[in-house]
Each structure stands twice: as structure tokens, then as C-alpha cells.
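Below: one structure, written as C-alpha cells.
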Amino acid sequence: MKNQGKLTVFLGAVAGVGKTYAMLEAAKERLSEGTDVVIGFVETHGSLETETVLKGIPYISSKTQEFLGKLVQEMDLEVLLERHPQLVVVDELAHTNIPGSRHRKRYQDVEELLASGIDVYTTLNIQHLESLNDVVAQITGVTVSETVPDRILEIASQIQMVDITPDELIQRLKEGKVNVPGVAAEAIEKFFRPGNINALREMSLRYTAKRVDCQMESYMRNHGIAGPWPSGEKVMVCVSGNPFSTKLIRTAKRMAARQNAEWLAVHVVLPGEMQKNENEKDLMEENLRMAEKLGAEIVTPHGDDIVEELLTLARKRNVSQIIIGKPERARFQELFHGSVVDKVIRRSHGISVHVISGRKNAADRKRETIAEDNNTSLGHLSRRQRYSATPYLMSVLMMSALTVAVSPIETFLGPVNIPMLYLLPVLLTAARWGRLPALITAGMGVIIFDYFFVPPFYTLHVDDFRYVISFVILMIAGIVTGTLSGRLTDQINYSRQREQQVSALYSLSRDLTAVDKLERILDSIARKIGETLDGQVVLLLPDERNNLVLSQSSSTDHFMTESEMNVASWVYERGQKAGRGTETLRSAKALYLPLITEQGTHGVLGICFFHQNDIVSPQQIRFLDAFAGLAALAINRIKLADEARQAHALAESERLRTALFNSLSHDLRTPLSSIIGAATGLLEDEDVVYSPDARHDLLQTILQGAERMNRFVNNLLDMARLESGMLKLHKDWCDIQDIIGVAINRLDIVLAKRLLDINIPAGLPLVQADYALIEQVIVNLLDNAVKYSEPVSKIVISVKQVGQNLEISVANRGNPIPETDLSKVFDKFYRLTSPLQVSGSGLGLSICKGIIESHNGDIWAENNELGGVTIIFTLPLEYELSDKLPIEGGD
Numbered sequence: 001m002k003n004q005g006k007l008t009v010f011l012g013a014v015a016g017v018g019k020t021y022a023m024l025e026a027a028k029e030r031l032s033e034g035t036d037v038v039i040g041f042v043e044t045h046g047s048l049e050t051e052t053v054l055k056g057i058p059y060i061s062s063k064t065q066e067f068l069g070k071l072v073q074e075m076d077l078e079v080l081l082e083r084h085p086q087l088v089v090v091d092e093l094a095h096t097n098i099p100g101s102r103h104r105k106r107y108q109d110v111e112e113l114l115a116s117g118i119d120v121y122t123t124l125n126i127q128h129l130e131s132l133n134d135v136v137a138q139i140t141g142v143t144v145s146e147t148v149p150d151r152i153l154e155i156a157s158q159i160q161m162v163d164i165t166p167d168e169l170i171q172r173l174k175e176g177k178v179n180v181p182g183v184a185a186e187a188i189e190k191f192f193r194p195g196n197i198n199a200l201r202e203m204s205l206r207y208t209a210k211r212v213d214c215q216m217e218s219y220m221r222n223h224g225i226a227g228p229w230p231s232g233e234k235v236m237v238c239v240s241g242n243p244f245s246t247k248l249i250r251t252a253k254r255m256a257a258r259q260n261a262e263w264l265a266v267h268v269v270l271p272g273e274m275q276k277n278e279n280e281k282d283l284m285e286e287n288l289r290m291a292e293k294l295g296a297e298i299v300t301p302h303g304d305d306i307v308e309e310l311l312t313l314a315r316k317r318n319v320s321q322i323i324i325g326k327p328e329r330a331r332f333q334e335l336f337h338g339s340v341v342d343k344v345i346r347r348s349h350g351i352s353v354h355v356i357s358g359r360k361n362a363a364d365r366k367r368e369t370i371a372e373d374n375n376t377s378l379g380h381l382s383r384r385q386r387y388s389a390t391p392y393l394m395s396v397l398m399m400s401a402l403t404v405a406v407s408p409i410e411t412f413l414g415p416v417n418i419p420m421l422y423l424l425p426v427l428l429t430a431a432r433w434g435r436l437p438a439l440i441t442a443g444m445g446v447i448i449f450d451y452f453f454v455p456p457f458y459t460l461h462v463d464d465f466r467y468v469i470s471f472v473i474l475m476i477a478g479i480v481t482g483t484l485s486g487r488l489t490d491q492i493n494y495s496r497q498r499e500q501q502v503s504a505l506y507s508l509s510r511d512l513t514a515v516d517k518l519e520r521i522l523d524s525i526a527r528k529i530g531e532t533l534d535g536q537v538v539l540l541l542p543d544e545r546n547n548l549v550l551s552q553s554s555s556t557d558h559f560m561t562e563s564e565m566n567v568a569s570w571v572y573e574r575g576q577k578a579g580r581g582t583e584t585l586r587s588a589k590a591l592y593l594p595l596i597t598e599q600g601t602h603g604v605l606g607i608c609f610f611h612q613n614d615i616v617s618p619q620q621i622r623f624l625d626a627f628a629g630l631a632a633l634a635i636n637r638i639k640l641a642d643e644a645r646q647a648h649a650l651a652e653s654e655r656l657r658t659a660l661f662n663s664l665s666h667d668l669r670t671p672l673s674s675i676i677g678a679a680t681g682l683l684e685d686e687d688v689v690y691s692p693d694a695r696h697d698l699l700q701t702i703l704q705g706a707e708r709m710n711r712f713v714n715n716l717l718d719m720a721r722l723e724s725g726m727l728k729l730h731k732d733w734c735d736i737q738d739i740i741g742v743a744i745n746r747l748d749i750v751l752a753k754r755l756l757d758i759n760i761p762a763g764l765p766l767v768q769a770d771y772a773l774i775e776q777v778i779v780n781l782l783d784n785a786v787k788y789s790e791p792v793s794k795i796v797i798s799v800k801q802v803g804q805n806l807e808i809s810v811a812n813r814g815n816p817i818p819e820t821d822l823s824k825v826f827d828k829f830y831r832l833t834s835p836l837q838v839s840g841s842g843l844g845l846s847i848c849k850g851i852i853e854s855h856n857g858d859i860w861a862e863n864n865e866l867g868g869v870t871i872i873f874t875l876p877l878e879y880e881l882s883d884k885l886p887i888e889g890g891d
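Here it is as C-alpha cells:
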């Protein structure tokens, strides 16, 4: 396997900044270093500077092709691949090749060069980048038709920015140093305005800077550099389920906008996250949605240590500034729990930390109070467990049973071992139901142990202080085991949820890869998403008039009312998600996402959750985005396959049309010329008295030409009937020897000077077939054998019974056919190259194949031992009626 070549792109804001010149200078430098460099294609646009620097670099001549009445120069990809230099210089990456070229776009030529292990230097203007095409059109008012997919620049090993000031560029245009001087003034007026040029320059610089930033992050990862490197500004804001987080998000947005920097909104998911009260979780989702709406990248790492996760992510993403809020907490709470803000500041090491403090307003305090009330004493219980009495009844039952079991053997166990036994129900309760039931069980254990087993008995009074230590240890054990168990349960639930999501994505991806029908793909998408996210799914695709129509639903009763269809149409037209869970048209019942790929929007995915009261989380939306991405790629793949099939069918139709016209012009002109010549001789030379033999020869010529034309027309009609499916068989019991005799008589003139060797054994059974069609098959085979053999050679006709079939063969002694072409002789309009002057339409054998297959027989060609070709076909025998029918050669 060859190593992939390296791509270097010389990127500019607009034409005329000197990309080609810079590329050629770099190529010359590589050439001076001993690199094998050639010019694949360079467009000088008449620039003397470019033509001067071009001298001295080896040049592969371009192909000259005619297109729309003009001669066009195109890069000769085949010669470059055969030459295989180390470096090829290819100008104008976004160029569209003329029809008939190997690839439609020049960037596809470049991809093939790279795949062959050849390095490539190329040029590109920023307006030709696919993802920026609409932005450029909005800025300049000019829609660029020639675009390059972003993936081409993503695989580039290096991007070199070539830039000059707007004034310099406009001056170059006025001087005629760029493109054609005659259109420079118009270009300056409509496109090359200073404002447009500066906007495009900024886009180019931004893209290049982002690419350099990605390369730097990759380098840091590959070399284990913790970072951050202060090469550029990147802001990270810490988001929680606190109402105060909205202020932090707005502050981060303003800071990022002022510094023209990227920014991230980060929320660390702790093990107990899933057990938070609903109000706090809803507020968290609202905060993350707000950050996403303002343009932040949402990141939700999972871990036990908030500080460690924040700083690890900051160093990994090369964050320069962290924005974090200082919560309003009492001093003793910070002393007991520690301060996240203080820990972040102490461990930030090179990252600027902005601490934002502020007071909550009345509404925020009320929301927090409700959240705290809902969370009070609920520990890490799920909603179902909070309102279930089972954990507490089981705790009472276990404690009661243990007390009854221990009482008879109290003296044997002693006061030291009994508290250890009461730890057992605490551990079991913590492992099964979490922290709160474990705490209650521990409290029950302390009370029971004190009441029944600590003197003075049957009172809660304690004389020995050592028992108090046992009580405290019992309570601590309940707290610790309950907390750890709750965290473990949360991690298990989270892992299970992620595993289900990944499995669903993998399953859908596998299903979509294996299916090649659009209906089955849509059904698989709707069914899988509906099962995974517990909702009803619809898929809407555009019709011929580009109007959305319902194409698939996961259930028969769909929710697509007129208002819902309007929301889906809005999503399709604008390529943005809308509906429930978003900030756009949020009153809709369902959430709608566009199915987008590089080729455009292919449709809309809608999901209506069965539990309408649940809030749609950003995680669910991102999960749906992943589903929508897979669905869009699958639909796009089917569309591309359909387009490829249509293009192949169109090309095949064009090829057949061309072959048919060529055949018509040849096969009709030749016999017509003979007929006209013979008829003219008879008419114009009336004074000449032809001998009977000469007159017979002229009439024979006319007859042969007419029969030849008749066979050609019949072949065309037969092929049309076969192609349209209108060929109907009129089967009857036939004698194959009679059919062969009639076929020979039809070709008596053609076969007059040929030696026929006919081998038909006696006693062959009759065959049920269409007499006229099988006769036509034998006529075509004999005519084909005559055309592709010498006039003096022999033609052999053989018939024999092989098992349940009757096998008929026609062999000549001409030139053998290459093994690779034996199966092609039955293709429409396929004609072999032969030293003989062979005429014909190339339809005869194709018609034979269609007729024989309609009889459930087989036909094939093979080279024979005498140096010629044998065409063999079989017809099935039907023995169930043979006892009622006469046998050839029988009495």
C-alpha cells in the first residue's frame, strides 16, 4: 500500500493576491533541493511575473479538448500518474473539468494524486470553500458555483496564507496584472471593493488561525504537553444548576466577543447528578441551552472531582481564561466542604481565573428554596424510592429479626460483637436503597442496641461512654456506605444509559449500512429512534416540487397537523432545529431536526416524546443530532446511488443510441446501395440487352439486399419486443429438424456457397417451443457464423439430447474469440473486431439470448478445437406429455 501524499494549499482571500506566484516560488525551492517537481497545470492569466517564475520547472503538457466549439486545456492526470513525480504543482483547486474528463472536479484529480503517494502544491481562494459559500454570497452579493469540500483542506498537511492589502490588489487589477485587463474595472466595481476584500481577508485569516490552533493542540496531545500555551484567547465558563449561572454565561459571551475568542460552557456531571431534584436539573438544562444559543460549545465531562475535571479540560483545550462564580455560602460551609473557587485558583497554573460574585434576586432565591425543600433529607434516592415505604419497612423488618435472633445468645456474643452485627443491615440497606434508608437503619440500630443491650436495660440512658463511640461509628458507617453506594448506583445508571445510546447508534449504523432501499432505511431510522428515546418519530422528505411530505412514521397515528407541518417546513428551509426543547417555535408538540450533509438538506426528522411533561435535555438533543447525522448520510447515500444508476442508465442509453445510429447508417446504406445500383442498371441501360444470367444476377442482388434489410428490421422489432416485455410465446410441439430445415431455406442465398455439416440423430423427442422464434434464433446463428468465417469454410450444425434438455449448436471455423469477450458477444450492439469486413447491427445474438431465456433455456459461446467459435443453446424437454406424442423417427 502506497503512502498518502502530502497536500500543501496556498490560500488567499481573492484572486490576484499572488497565490500562484508564491506556489511556484516554493516549488522552485523544492526543485533546487533535488526534489522531482513537475507542473501539472498552472494558469498564468497572461501575467509576465508568473510566466517568468514558471521557467525552469519541468512541465507536463496539458490535454487539449474541444468543448462548446472552443479548445480547452485540461490537466493530463493519466500522464502524471504514469510519470509519478515526487511533487506536482496544480493551480486552481476549485476548477470544474470539462465533460468526458476522468473526474468532474480538479480536487478529485488531486485526491487521486495524493492516493498514489504524490505530494501536491495547489491554490485556493477562501470563497470556494463549501462551508463559507453562503457567507461569501451574503458579503459580496456574488454566488460562487465552483466549491471545494472542507475535508480537502482538513487533510492538507500545510496551509500557507498569501495576503496583500486591498489597495495593492486594486492597483494590480488596474494595471492589468491580474486576470484579463478588459474586465478589471467591472471586477473592481462589483466584487473587488475594499470592504469585500477586507471581509474575505478576515475570513481567510480566521480559518488559517483556527487550523494552526488545531495543529498546536494536536502537537500538545502527541507530545504530552499539559499546557496551556498562551497562543490565543479561549474562554471557559463553569455552569451549574444555580440561577446565578446565567450571569456567568452572559459575562463569558461578552468577554469572548471582545477578544474575538472561542468559548466553552462546561458543566461537570458528578456521580449524584441523576438524583438531583427536578427543579435544579431543569435549571441546569435551561442554562446550557442558553449558552448554546449564545454560541458556546457545550462540554459535559463526568467525574468525582469538579476542580480536577475543569482544569484537565482547560489544559487539554488550551483555555486561557476561566470564568467561575462564587456562591453565597456560609463560612462554616466552606470550612466543612471546602471552596471550589479557591481550589481552582490555587491549581490553575498559567490560566487566568475570573471570579464573579453577586447577590441573588428574589425570584432566584425562591427557586433555590423550592429546590432545597425538594432535596431536604432525600439523599440520593430516585423519585420512585423517595415515595416508597419498602426500604424503611425492610429496615424495620431486618432490625427486628436481628434483635430476636441475638437476644437468646447475648451472653455468648458479648457487648463488643453485637454492634458489629447491627452494621450488617446498614450495609445491606445502603447497597440496595442508598444513603437515606441506610441512615435511618443506622439510627434504628443505635436505638435498639442502646435500649435492649446497653445497661441500664430498656432505657435510652447510657452509663458507659464507650458505648457512645460505638453509636457514632455505627452512624458514620451508615453515612459513608450510603453515600458510596449512591455514587456507585449513579455511575452504573449513567454507564447503562451511555451503553444504551452507543448500542443504539451502532445498531442503527449497522442497519443503515446493510440496507440499500430508501423505504427500509426510513423504517429502520423511525423504529430505532422511537424505541431508544421513547417517542413517536416521523421522517419528512421533499417531493418533486421540493415540498415536504410525510415519508415514514413509527406508528400509524402520527401527530403531523398543519401547524406541525409548518414547523417542519421552517426547519427544512432554514436548516436549523426547532420545536419542543428549543428556543424556536417551542410551542410545537415535537422536536424537529434537519437532515443535513455537505450536499444540502435532505429532509426533517421529528420526534414527539410520549411523556410530554418531561423536559428535553441538551444531552437528548445532541443524541438526536447524532441520529439525524446518521440518517442524513444514509439518505444521501441512497440518493447518490440512485443518481449514479440514472447516470449509468443515461450513459448506456446514449451508447446504445449511438450504436443504433451507426448500425442504421451502415447496415441500411450498404444493402440500399446494392439495390439502387442494380435497379439503376436495369432502368438506365434500357438499350442494353442483358443476358438471362446477368439479369438474374442483378435481380438476385436486389433480392439479397432486400432480405438483408428485412432481417435487420426484424431484429430491431424483435429487440423492441424483448425490451418492452411484449414478447409472447406461442408454444407448440415442434420437430427441431424441421425448424433447422426451414431456417436453412430462408438463408439459401447466403448459404449457397457454404458446405453445411448437419448432425441430427434419429429418435430425438419433440420440444415444446415457439416455432417462429426458434427458427429466428437458428437464422441469426447461421447468419453470424457466415459473417465471422472464411467463405470456403464449413459450418457445422449439431443437435443432441443432454439430460432433460435438447442441445443445439452452430459452429464455424473462423477466428477464435478472446476468453474475456465470450460472455460479451450477447450484449446489445456488441461487435467483434475481425479482419473480415463484417457488417451487422450487433443485435442478432442479443435477440437469440432473449428468446432462449424466455423459453427457460441457456445460451453460451465457446471456442472450438478447429479454431472457430461454437454457439450453443438448450431447450428444456417436457416428458410428462411425451408418451402422448410421436417421436421423430418412430413408427
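Going by full-length UniProt numbering, the letters in the sequence shown line up with residues 1 to 891, in that order.
C-beta atoms are modelled at their ideal positions from N, C-alpha and C, and glycine is treated no differently.
_Quick check on the burial criterion: 16 or more other C-beta atoms within 10 angstroms. Buried or exposed for Val404?_
exposed
*Can the beta-carbon of Leu484 be found closer than 8 angstroms to that of Val446?*
no
_Option in Tyr592, Thr50, Gly705 and Thr513 with minimal Cα separation from Asn636_ = Thr513
*If you draw a straight line from the alpha carbon of Thr441 to that of Tyr422, how long is it in whole angstroms?*
9 angstroms
*Unbroken beta strand (DSSP E) runs of length 3 or more, entirely within the segment 289-327: which are they?*
297-299 and 321-325
*asked:* Give me the residue from Ser555, Asn547 and Thr584 with the minimum Cα distance to residue 908.
replied: With the chain represented from 1 up to 891, any question about residue 908 goes unanswered, as that position is not in the structure.
_Trp733 - partner residues in DSSP beta bridges_ = According to DSSP, Trp733 bridges with Gln768.
*Spell out the partners DSSP gives Ser798 in its beta bridges.*
In DSSP, Ser798 forms a bridge with Asn759 and Ser809.
*Reducing DSSP to helix, strand and coil, say where Ser551 ends up.*
Residue state for Ser551 is assigned as strand, using DSSP reduced to three classes.
*Nearest neighbour of Val796, chosen from Leu781, Val802 and Gln804 [CA to CA]*: The residue with the shortest Cα to Cα distance from Val796 is Leu781.
*Uninterrupted beta strand (DSSP E) stretches inside the segment 116-193 (no shorter than 3 residues)*: 119-125 and 158-162
_Ala628 - DSSP class collapsed to helix/strand/coil_ = helix
*Can you tell me whether Asn759 is buried or exposed, with buried defined as 16 or more other CB within 10 angstroms of its CB?*
exposed
*Check the DSSP bridge columns for Lys105 and list the partner residues they point to.*
Thr96
*Kindly indicate the opening and closing residues of the alpha helix (DSSP H) around Ile521.*
Leu518 to Leu533
*Separation of Ile852 from Phe873, as counted between CA atoms*: 7 angstroms
*Would you report the Cα separation of Thr50 and Ala13, rounded to the nearest angstrom?*
19 angstroms
*With DSSP as the reference, please indicate the residues paired to Gly46 in a beta bridge.*
Partner(s): none; Gly46 has no beta bridge.
*Is it the case that the Cβ atoms of Thr140 and Asp91 are separated by a distance below 8 angstroms?*
no
*So, is the C-beta of Ile418 closer than 8 angstroms to a C-beta in chain D?*
Judged by its chain identifiers, the structure shown contains no chain D, having just a single protein chain.
*Are the Cβ atoms of Lys253 and Val307 separated by less than 8 angstroms?*
no
_Contacting residues, own chain, Cβ-Cβ under 7 angstroms from Arg384 (five flanking each side not counted)_ = Its pLDDT being 46, under 50, Arg384 is placed unreliably by the model, and the measurement read from it follows with that caveat. For Arg384, where only same-chain residues beyond five positions count, there are no Cβ hits under 7 angstroms.
*Just to confirm, are Glu146 and His95 a CB contact at a threshold of 8 angstroms?*
Yes, they are a contact pair.
*Rounded to whole angstroms, what's the CA-CA distance from Arg435 to Thr429? Just pull it up for me.*
8 angstroms
*Residues near Ile197 by beta carbon distance below 7 angstroms, same chain, minus five either side*: Ala13, Val14, Pro166 and Leu169
_Sequence-distant residues of its chain with Cβ nearer than 6 angstroms to Val786 (five each side left out)_ = Val750
*Short check: CB of Val341 to CB of Val355, under 8 angstroms?*
Yes.
*Does the count of Cβ pairs from the segment 114-132 and the segment 6-25 closer than 8 angstroms reach three?*
Enough Cβ pairs lie closer than 8 angstroms, so yes.
*What are the boundary residues of the alpha helix (DSSP H) that includes Gln259?*
Ser245 to Gln259
_Using a Cβ distance threshold of 8 angstroms, determine whether the segment 501-512 contacts the segment 452-461, with at least three qualifying pairs required._
Because the criterion of three Cβ pairs below 8 angstroms is not met, the segment 501-512 and the segment 452-461 do not touch.
*Given Arg813, which residues of its chain have a CB within under 7 angstroms of its CB, disregarding the five upstream and five downstream residues?*
Ser789, Ser793, Lys794, Leu866, Gly867 and Gly868
_At the level of alpha carbons, what is the spacing between Ile871 and Thr701?_
Spanning the two alpha carbons is a distance of roughly 29 angstroms.
*Within this structure, are the beta carbons of Leu764 and Gln804 separated by less than 8 angstroms?*
no
_Simplified DSSP state of Leu866, which is helix, strand or coil_ = Coil at Leu866, not helix or strand.
*Would the beta-carbon of Gly606 fall within 8 angstroms of that of Val549?*
no
*Please name the residue or residues paired with residue 960 in a DSSP beta bridge.*
This structure leaves residue 960 out entirely; the chain is present only between 1 and 891.
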